[in-house]
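What follows is a single structure, written as structure tokens, with notes after it.
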Amino acid sequence: MEQYQKDFVDFTLETGALKFGEFTLKSGRVSPYFFNAGLFNQGQHLSKLGQFYAQAIDASGIEFDVLFGPAYKGIPLAAATTIALNDRFNKSVP
Numbered sequence: 000m001e002q003y004q005k006d007f008v009d010f011t012l013e014t015g016a017l018k019f020g021e022f023t024l025k026s027g028r029v030s031p032y033f034f035n036a037g038l039f040n041q042g043q044h045l046s047k048l049g050q051f052y053a054q055a056i057d058a059s060g061i062e063f064d065v066l067f068g069p070a071y072k073g074i075p076l077a078a079a080t081t082i083a084l085n086d087r088f089n090k091s092v093p
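Residue numbers for the sequence shown follow numbering that gives the first Met the number 0, beginning at 0 and rising by one.
Right, dumping it as structure tokens:
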């Protein structure tokens, strides 16, 4: 596992977005973990998420023309990721 991936897991635990236990999902299925992206509720959180996504995209080596964030939560995440791609990797992405 790459360092940025470990840092992402630590970040999700620190924010409380990733929890382990026994959770009954809407589907009725029981899961040993629950991920609540709604707890990424500060500008600092969104900035860090964008950086993690940018690192993952860069590490993947996948070539792409545009980054799309579906409504509603995906839009700010895509915007934060494009900012991080520009600032960190000098990749300008629409």
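Ideal Cβ positions, reconstructed from N, Cα and C, are used throughout, including at glycine. Predicted model, so just to flag it, every value in this text is computed and none were measured.
On the premise that Ser30 lies in contact with Leu24, defined as a C-beta separation below 8 Å, what is that separation, rounded to the nearest angstrom? As a working mapping, residue 24 is identified with position 25 in the sequence shown. As a working mapping, residue 30 is identified with position 31 in the sequence shown. Right, their Cβ atoms sit about 6 Å apart.
For Thr14, which option in Asp86, Ser26, Gln43, Arg28 has the closest C-alpha, if you only look at C-alpha atoms? For the purposes of this step, residue 14 is taken as residue 15 along the sequence shown, with counting starting at 1. When each option's Cα is compared against that of Thr14, the closest is Gln43.
So, helix, strand or coil for Tyr3, using DSSP? Here residue 3 is taken as the residue at index 4 of the sequence shown, counted from 1. The answer is helix: DSSP assigns Tyr3 an H, G or I state.
Rank Leu66, Ala16, Gln2 by C-alpha distance to the C-alpha of Val92 and give the top, closest one. For this step, residue 92 is matched to residue 93 along the sequence shown. For Val92, the nearest C-alpha among the options comes from Leu66.
Look up Phe34 in the DSSP assignment and give the residues it is bridged to. Within the sequence shown, the letter at position 35 stands for residue 34. DSSP output for Phe34 lists Leu17 as bridge partner(s).
Alpha carbon to alpha carbon, how far is Phe22 from Phe34? Here residue 22 is taken as the residue at index 23 of the sequence shown, counted from 1. Here residue 34 is taken as the residue at index 35 of the sequence shown, counted from 1. Computed Cα separation, rounded: 10 Å.
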